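Asks:
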Amino acid sequence: MDKPLTKNIQLERGPLNIDDYIKAGGYLSVQKAVKSMAPSEVTKTVLESGLMGRGGAGVSTGFKMGAVPMGEHASKIKYLIANADEMEPGTFKDRLLLEGDPHQLIEGMLISAYAIGATTAYIFLRGEYKLAQKRLEASVAQAYAENYLGQNILGSNFSLNLYVHMSAGRYICGEETALINALEGKRATPRAKPPFPPISGLWGKPTLVQNVETLCNLPHIINHGVPWYKALGKGVDAGTKIYGVSGKVKRPGAWELPMGTTARELLEVHAGGMKEGLQFKALLPGGASTDFWGSDRLDTPMDFSSTAKIGTRMGTGTMIVLDDKTCPIGMILNLERFFKQESCGWCTPCRDGLSWIAETLTAIENGEGQTQDISILARHARLLGPGSTFCALAPGAASPLQTGLSRFKEEFEQHILTKKCPYQH
Amino acid sequence: MLSTEETHEIDLEIKKFPYKQSACLEALAIVQHHRGYVSNEALKAVAQYLEMSETELDGIGTFYNLIYRKPVGENVIRICDSVSCWILGYEKIKAKIKNELGIDLGQTTPDNRFTLLPTQCLGTCDHAPALMIGDDLHRDLDENNVVQILKSYQEKRVVKDTIDG
Amino acid sequence: MPTIFIDDKPYFIKEGQNLLHAALSHGLDLPYFCWHPGLGSVGACRQCAVQHFKDAEDTKGRMVMSCMTPATDGMRVSIEHETCKSFRADVSEWMMTNHPHDCPVCDEGGECHLQDMTVMTGHNYRQFRFKKRTFNNQKLGPFVNHEMNRCITCYRCVRYYRDVAGGTDLNSFASSNRVYFGRNEDGTLENEFSGNLVEVCPTGVFTDKPFKAFFNRKWDLQMAPSVCQLCSLGCNIIPGERFESIRRVQNRYNHEINDYFLCDKGRFGHSFVNSKERLFVSMWRQKAKDVASEISQEETFQSATKLLSSSKRTVGIGSPRASLEANFALRTLVGEDNFYDGLSRHDSVLLSKVKQIVQRGPALTASLQNVKEADAILVLGEDLINTAPRLALAIRQNVIHMAQKKAAAVGIAAWNDLAVRNFVREKSDTVFVVTASKNKLEDVAASFQLHPDNIACLGYAIAHELNSEVELPKGMDADLLAKARLIAAVLREAKNPVIISGTSLYTEALLDASANVAWALCRQGSSARICYALPEANSMGLSLMNAKPLSLLMEEIVASKVSVAIVLENDLSRRLSSENLGIFFKNIPSVIALDSFQQQTVRQSKLAVATCSFSEGTGTFVNNEGRVQRYYSVFERKEKILESWRILRDWIRKSKKKASLWKNLDEITDDMCREIDTLSAFDQAIYRASFQIDGQKIPRETNGYSGRTAMVANLTMHEPKPLVDVDSPLAHSMEGYEGQPPSSLIPFFWEPGWNSVQSVNKYQKEIGGELKNQQPAVRLFDKQKSKKIVFFQRPPSLFKQQSGKWQIFPRYFIFGSEERAALSLAISEHLSVPCIGIGHEDAQKQKWLPGSMVNVEIDSKKWRLPVVIHPELESGMALMAHGLAGMDYAELPSYACIRLSESAT
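Residue numbers (our numbering), protein chains in the order written: chain U, 7 to 431; chain E, 5 to 169; chain G, 28 to 932.
(1) With 8 Å as the threshold, decide whether the Cβ of Phe418 (chain U) is near any Cβ in chain G.
(2) Terminal residues of the continuous beta strand (DSSP E) containing His173 (chain G)?
(3) Residues of chain E with CB closer than 7 Å to the CB of Asn211 (chain G), please, in chain order.
(4) Can you tell me whether Ser887 (chain G) sits near the ligand PLP, meaning its C-beta is under 7 Å from at least one heavy atom of the ligand?
(5) What residues are listed by DSSP as bridge partners for Ala260 (chain U)?
(6) Spatial neighbours of Glu728 (chain G) within its chain, please: C-beta separation below 7 Å, excluding the five flanking residues on both sides.
(7) Measuring only the C-alpha atoms, how far is Pro893 (chain G) from Pro877 (chain G)?
(8) Do we get a CB-CB distance below 8 Å when we pair Arg183 (chain G) with the residues of chain U?
(9) Closest Cβ-Cβ distance between Phe345 (chain U) and chain B: below 8 Å?
(10) With 7 Å as the limit, tell me which residues of the segment 154-177 of chain G have their beta carbon closer than that to any beta carbon of chain E; keep them in chain order.
(11) Answer yes or no: does any C-beta atom of chain E fall closer than 8 Å to that of Asn198 (chain G)?
(12) Name the residue from G:Thr195, G:Asn788, G:Gly70 and G:Val171 whose alpha carbon lies nearest to the alpha carbon of Met56 (chain E).
(13) Mind listing the chain G neighbours of Gly351 (chain U)? Cutoff is C-beta to C-beta under 7 Å, in chain order.
(14) Would you mind giving the Cβ-Cβ distance between Glu371 (chain U) and Gly336 (chain U), rounded to the nearest angstrom? I have them listed as a contact below 8 Å.
(15) State the Cα-Cα distance for the pair Ala323 (chain G) and Leu360 (chain G), rounded to the nearest angstrom.
(16) DSSP state of Lys29 (chain U), grouped into three classes?
(17) For the segment 104-130 of chain E, which residues have a CB atom closer than 8 Å to at least one CB atom of chain U, in sequence order?
(18) Which of the three DSSP states is assigned to Val658 (chain G) in this structure?
(19) If you follow the alpha helix (DSSP H) that Gly388 (chain G) is in, where does it begin and where does it stop?
(20) Considering just the uninterrupted stretch of the beta strand (DSSP E) at Lys346 (chain U), what are its terminal residues?
(21) Is DSSP giving Gln110 (chain U) helix, strand or coil here?
(22) Closer than 8 Å, Cβ to any Cβ of chain U: which residues of the segment 84-98 of chain E, in chain order?
(23) With a threshold of 16 other CB atoms inside 10 Å of the CB of Asn158 (chain U), please say whether the residue is buried or exposed.
(24) At a CB-CB cut-off below 7 Å, which residues of chain G make contact with Ser361 (chain U)?
(25) Which same chain residues, not among the five before or five after Val151 (chain E), have their C-beta less than 8 Å away from its C-beta?
(26) Use the C-beta contact count for Tyr152 (chain G): other C-beta atoms within 10 angstroms, 16 or more gives buried, fewer gives exposed.
(27) Give me the chain U residues within the contact set of Cys72 (chain G), using Cβ-Cβ distance strictly less than 9 Å, ordered along the chain.
(28) Looking only at DSSP bridge pairs, what is Ala737 (chain G) linked to?
(29) Straight-line CA distance for Val232 (chain U) to Ile186 (chain U)?
(30) Check whether chain E comes within 8 Å of Ser311 (chain U), counting only Cβ atoms and requiring the distance to be less than that.
(31) Using a Cβ-Cβ cutoff of less than 8 Å, which residues in the same chain neighbour Ile713 (chain G) once the five nearest sequence positions on both sides are dropped?
(32) So Ile264 (chain G) and Asn278 (chain G) are in contact, right, with Cβ under 8 Å, and what is the actual spacing, rounded?
(33) Check each candidate in G:Ser394, G:Leu391, G:Thr341 and G:Gly780 and name the one with the smallest Cα separation from Phe584 (chain G).
(34) Can you round the beta-carbon distance between Cys757 (chain G) and Ala251 (chain G) to whole angstroms, since I take them to be within the 8 Å contact cut?
(35) What residues in the segment 441-452 of chain G have a beta carbon less than 7 Å from any beta carbon of chain U?
(36) Run down chain U in chain order and give the residues with a C-beta less than 9 Å from the C-beta of Met122 (chain G).
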């Protein structure tokens, strides 16, 4: 089985330096693109590959790249940003790629920058990812030294400056327009769309923001072509995916697997099932802002298309497993408290609604719940859905709340009726 | 006043951007790196250097989690309280640290060695529970090893390069 | 015209509007918070949700925020749909989770947008049972009070203060539900337009601090349409009175002038009418050195008419801050030959030049609206933020307007405020501001500093670029010529450019140069306009009176044998050097001064006659563009004080034996229009006292006005009979016409359900546009233009430094240079102090530091002043504070020696 994204990654020995990376076939895609492909061909190839953004939203990458204005009349200054602000609770896939193979990300960014005509690129990196920072900065320096970055890359007309930028820390920076504001040195509140970043992004210039994992896919698509890439996936969606499992399972971890691997396979085969003495209760398939799945959904292929078909989301594909000895209300409280704290404070439903939710859940968990609390929570879960709030943060927060309310109805009622958390001793 | 070293580092950041004010968060981070936190005086110095008002700069800085406007200890412990760590025993680890150091979240030990703060998911959920001390990440914590880890910081400021100790 | 369907009813809309704007323009009730007509849309509060349907069959629809949704032809939306309706109530409920329930004692209560909107959404039952979050408040200075617990986080304050007014000391702090709006630390808000926060804030976070100190309920104020008295722009205001004191001033929307915003001088400066310095009783002084004694109105009349009847020659000295009517009455009393303008020598010359330019030249004058919508602006010399603040704000609004135009190129709607700001990052490339010192527009405009003469030369050079008939000044360096070329190129491309200058640098060449530029543009066929900031509120009006210059009187004063001088609402110590002032009083045995407050001329006069202030009298001003505007008395004092024109009328009646002269304001108005040609269009600007709607006058008091009997219960049990106002269509009553009066007669904005200032929505034809009952403006210089252009042809020489001397120019201050505003309590806490400003280079050469005390010697007179460094100031020139209390009048510009004062700093 091909594992293009992680083939160079061996945690014990650290990442490949540029020489070894090139020996392993690195930067070939840049040679190929810059020397033999027009930027539009690159975009077309990515579009045809069926690659969907790996940040969680699952938008076609080629489509997004194609939205950047090209040609003479387009702005001379354009930006590419790698969204390396991994902060979705339960998500640890980008860290693997950043620490494990930084040149792969740089190569992916070169492909993307070439395709959209970007002149400057930034890696917007989670402030806590200090090791990744060190490794990325070293790799960027190597790439400059070998003229994979800088002026006239590989003797072509294509030039790119790339900077590593450390985030000052805020979950909302993962939202691409908030990220742009953060990079501009402003308060990271999201921006209204339209205009979308490809039209007016960083400092008002056309900008493309792409997730680390997405970018890491690009070299392989260019190197091996569309049919190969499509064949990597198990189901409808193309490519491989870094999946992960955390929680009380035997072997938590992250693995590159064909897109469309089922949740059951991840849980039972790769993560080795639940720890001794614990039963599976539910899982969040891809980070804190996804729906709770019960055992009824374990056979769902983890890809964008299959999950969308049954009205749910895969998110980041790194799942969090809830066992039968952990309080589901406590878990929801933990999630909602996170979202409440990380709300940027821009729009009312998110800012004031999430605090209300967190207060209510705290009361319930502390045995101070009241019967109407469940309907208040249900109302909020409904109200914070898409369309009512400015960005996707609150709808993300609503996902585990709404599904948690229905899946753990009894637990909620028990907390309120008995005025205590039955899971606490 | 900014030190020569600080201005030098800030200048390097400014070079990355078309507008120098865009480097304001890095500038705060730099000053914080050198001084532990961003004092009012430091805020003023950075604001002047970037030709912004203090109010503008502070409004931006206070939005973010990693800019400290209050003094912190030599070692800032940032314990992850997000979902995977919570499932895997964050409360116990926190209780252990509190017990060991005699401080609660948001507090600093009297000897100024440690400040304990919560943090959001550190992106290492397969090795939960986790925490950071300074720039170092510590994972797969339990009630025993966390005490050892704290001890290793009791003596002197530890600088490490790898993920785990 | 595009049509949209709101709840199945068709509405015509304008292209490019958002749904909220469209709905409000049609008078529909749709609640909102973060949106403001002067700020655009940002989609933060989510209060204006509506349901959007795919087609006529779709009944479920999709909820959208109306402020962020373009209204497009054929669109079907619903305000009444249950989903969006209940969501709007939910938004109110969220906002109320933390909002204090202190409405009964809140400063905003009764005119709170949050109250109105909460009632409108129908939210009334509180389910939130947890603690409210609380904040500390900040001390923000004398103008604005801060009460953060009331905040609903709509972000309007920072968007207004930073993005519109250009302030940098107010921001949002922190995040989540702890977002805080304030300063980095306690301190006076630095921006000159901070007072608008009071009206921009939808609830009681930012409130009017002076009003709070003398608080009463808003519905208990008596109000009238008025015009700002404190600069030449004529912004429209609404003063509110209770117990014979002006409690506050609010903005009176006029889309052609001040739209939604006032400057802080205009908002907080008018409480001079409550000042301790007010003159309520006339004073008589038998001999110059006597202590003045109070005399009654009858005694005043007797004394004055006696002085007049025995006078050999009586002169009248008019005033640029008195009404047209008062000046006209004085002119009538003393005769045109004896009527002087009461201006300093320079002001006189400059004003007549301005009059000449705007009356005869081909360029029309610019209103603030013209400035806001201009496609290029050139400011030559004038320090607008200090001399005509609202004009500086209009320039900022212009920069926003032009950014919106740029953003339109990539499909960003003008109302999509942050998107426009994020897209356009650079300063304006169509606004040029050239001043002697920093002008506070540097952050938005292309700006640089030059000596005033060199600014004039630059203006000539620009005009020369546009039309070679204009002489090119000699000796200009390549850099300055390049700037002239660049500016000329931008102006040449513009369709409706505005050229702005003014009189405050006392440099006539600036007026010539700016006229040349505007006229050269007119010659090309563009509709260039010209805009001059003038010294005072009725400077332009006075200039129409054909008064002789005061300096002329001073020249002939010894020979002229004047026995009586009547000084109308004017302090001559601000117009004459102390030496000349001495000569004036020495040579004129009887000086009669009429004014509403104590000032030096009043104190020195034989007879000081108390007149009422603008708040108690009605009168008319002509603003800098030639716009005729009437201000109406807000209230009458129980101890009635008359307007100057009535006092003078009584003297005319007696001395000229015209017993029935001018029974009311209409009669003097008629006479004035007959006698002064330029004012013949005047009567279209005003409503006669007989004007009524549905047989009713327009009430100055709101429907909820309370205490009519209680207020006088210590005197009488009975409700006093309402006072009869013979001068205006307004009534001192809460009874009268309840609908919307014509625009110039609106005493306050109110509609059922709309108690806040946002009720102005209901008075507008289209949101942000003209009022429903908009009267056409009467602008005196719009007609009678000659097409012939005769350029001014004497450019000044470029400035050459004189060794050992400085050329001193006046420096005005928004807070302090206006004598009456300085008497207002709030402004008195914010006054600028006397100082002399010099350039960085000179300061270094002289080794002067900020605060060094120096002696400034002009002729033989000395001023001892602290040094202020203006790094940008050209070497060899200096700026001396002008018009501040306690500073003797200086004839500027003059050359002066500046030496370090011997005594310690």
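Positions of the beta carbon are idealized from the N, C-alpha and C atoms, including for glycine.
Since the structure is predicted, the reported quantities are computational estimates derived from the model, not experimental observations.
Replies: From the atom records:
(1) Translated into the one-based positions of the first sequence, residue 418 (chain U) becomes position 412. With 8 Å as the cut-off, Phe418 (chain U) does not count as an interface residue toward chain G.
(2) Stepping through the third sequence from its first residue, residue 173 (chain G) is reached at position 146. His173 (chain G) -> beta strand (DSSP E) spans Val171 to His173.
(3) By one-based count along the third sequence, residue 211 (chain G) stands at place 184. Listed along chain E, the residues sitting closer than 7 Å to Asn211 (chain G) by beta-carbon distance are Glu58, Thr59 and Asp62.
(4) In the structure shown, the ligand PLP is absent, as is every other ligand, since no ligand is present at all.
(5) On the first sequence, residue 260 (chain U) is found 254 positions in, with the first residue counted as 1. In DSSP, Ala260 (chain U) forms a bridge with U:Gly250.
(6) Residue numbering aside, residue 728 (chain G) sits at position 701 when the third sequence is read from its first letter. If we look at Glu728 (chain G) and ignore the five residues flanking it on each side, its Cβ neighbours are Gln249, Ser760 and Met761.
(7) Indexing the third sequence from 1 puts residue 893 (chain G) at position 866. Indexing the third sequence from 1 puts residue 877 (chain G) at position 850. Using only the alpha carbons, I get a separation of about 7 Å.
(8) Position 156 of the third sequence, counting from 1, holds the residue named residue 183 (chain G). Taking Cβ atoms only, chain U never reaches closer than 8 Å to Arg183 (chain G), which makes this a no.
(9) As a matter of chain content, chain B is missing from the structure shown, whose protein chains are U, E and G.
(10) Within the segment 154-177 of chain G, not one residue has a Cβ closer than 7 Å to any Cβ of chain E.
(11) Mapped onto the third sequence, residue 198 (chain G) falls at position 171. With 8 Å as the cut-off, Asn198 (chain G) counts as an interface residue toward chain E.
(12) Counting from one through the second sequence, the residue named residue 56 (chain E) turns up at place 52. From the listed residues G:Thr195, G:Asn788, G:Gly70 and G:Val171, the smallest Cα separation to Met56 (chain E) is found for G:Thr195.
(13) Within the first sequence, the letter at position 345 stands for residue 351 (chain U). Simply Thr180, Ser202, Ser203, Asn204 and Val206.
(14) Indexing the first sequence from 1 puts residue 371 (chain U) at position 365. Indexing the first sequence from 1 puts residue 336 (chain U) at position 330. With a beta-carbon spacing of about 6 Å, Glu371 (chain U) and Gly336 (chain U) fall inside the 8 Å limit used to define contacts.
(15) Position 296 of the third sequence, counting from 1, holds the residue named residue 323 (chain G). Position 333 of the third sequence, counting from 1, holds the residue named residue 360 (chain G). Per the sequence presented here, residue 323 (chain G) reads as Ser, with Ala not at that position. It is roughly 22 Å from the alpha-carbon of Ser323 (chain G) to the alpha-carbon of Leu360 (chain G).
(16) Along the first sequence, read from residue 1 onward, the residue named residue 29 (chain U) stands at position 23. Of the three classes helix, strand and coil, the one that applies to Lys29 (chain U) here is helix, per DSSP.
(17) Answer set for the segment 104-130 of chain E: Thr123, Gln124, Cys125, Leu126, Gly127, Thr128, Cys129 and Asp130.
(18) As a working mapping, residue 658 (chain G) is identified with position 631 in the third sequence. Sequence inspection shows Tyr at residue 658 (chain G); the Val mentioned does not correspond to that position. Three-state DSSP puts Tyr658 (chain G) in a strand.
(19) Counting from one through the third sequence, the residue named residue 388 (chain G) turns up at place 361. Here Gly388 (chain G) belongs to no alpha helix (DSSP H), and DSSP marks it neither H nor E.
(20) Here the question's residue 346 (chain U) lines up with position 340 in the first sequence. Note, Lys346 (chain U): premise wrong, no beta strand (DSSP E); alpha helix (DSSP H) at Pro334 to Glu348.
(21) Against the first sequence, residue 110 (chain U) aligns to sequence position 104. Here Gln110 (chain U) sits in helix by DSSP.
(22) From the segment 84-98 of chain E, only Asp85, Ser86, Val87, Ser88, Trp90, Ile91 and Leu92 have a Cβ closer than 8 Å to chain U.
(23) On the first sequence, residue 158 (chain U) is found 152 positions in, with the first residue counted as 1. Asn158 (chain U) is exposed by the Cβ-count criterion.
(24) The residue you call residue 361 (chain U) lines up with position 355 of the first sequence. Residues of chain G with a Cβ closer than 7 Å to the Cβ of Ser361 (chain U) are, in chain order, Asn204.
(25) Numbered from its first residue, the second sequence carries residue 151 (chain E) at position 147. Here the set comprises Lys100 and Glu104.
(26) For the purposes of this step, residue 152 (chain G) is taken as the residue at position 125 of the third sequence. Exposed.
(27) Numbered from 1 along the third sequence, position 45 holds the residue referred to as residue 72 (chain G). The answer, in chain order, is Cys353 and Thr354.
(28) Along the third sequence, one-based indexing puts residue 737 (chain G) at 710. According to DSSP, which records beta bridges pairwise, Ala737 (chain G) is partnered with nothing at all.
(29) If you number the first sequence from 1, residue 232 (chain U) lands on position 226. If you number the first sequence from 1, residue 186 (chain U) lands on position 180. One Cα belongs to Val232 (chain U), the other to Ile186 (chain U), and the distance between them is close to 31 Å.
(30) Along the first sequence, one-based indexing puts residue 311 (chain U) at 305. Taking Cβ atoms only, chain E never reaches closer than 8 Å to Ser311 (chain U), which makes this a no.
(31) Stepping through the third sequence from its first residue, residue 713 (chain G) is reached at position 686. Excluding residues within five positions, the ones whose Cβ falls inside 8 Å are Thr647, Val655, Arg657, Thr696 and Ser771.
(32) For the purposes of this step, residue 264 (chain G) is taken as the residue at position 237 of the third sequence. For the purposes of this step, residue 278 (chain G) is taken as the residue at position 251 of the third sequence. With 8 Å as the limit, Ile264 (chain G) and Asn278 (chain G) qualify as a contact, their Cβ atoms being about 7 Å apart.
(33) Within the third sequence, numbered from 1, the residue matching residue 584 (chain G) stands at position 557. Contrary to the premise, residue 584 (chain G) reads as Ile rather than Phe in this sequence. It is G:Thr341.
(34) In the third sequence, the residue the question calls residue 757 (chain G) occupies position 730. In the third sequence, the residue the question calls residue 251 (chain G) occupies position 224. Note that residue 757 (chain G) corresponds to Leu in the displayed sequence, not to Cys. Between Leu757 (chain G) and Ala251 (chain G), the beta carbon gap of about 6 Å places them in contact (Cβ cut-off 8 Å).
(35) Among the residues of the segment 441-452 of chain G, those with a Cβ less than 7 Å away from any Cβ of chain U are Asn443, Leu445, Ala446, Asn449, Phe450, Val451 and Arg452, in the order of the chain.
(36) Position 95 of the third sequence, counting from 1, holds the residue named residue 122 (chain G). Contacts between Met122 (chain G) and chain U, judged by CB atoms closer than 9 Å, involve Thr354 and Asp358 in chain order.
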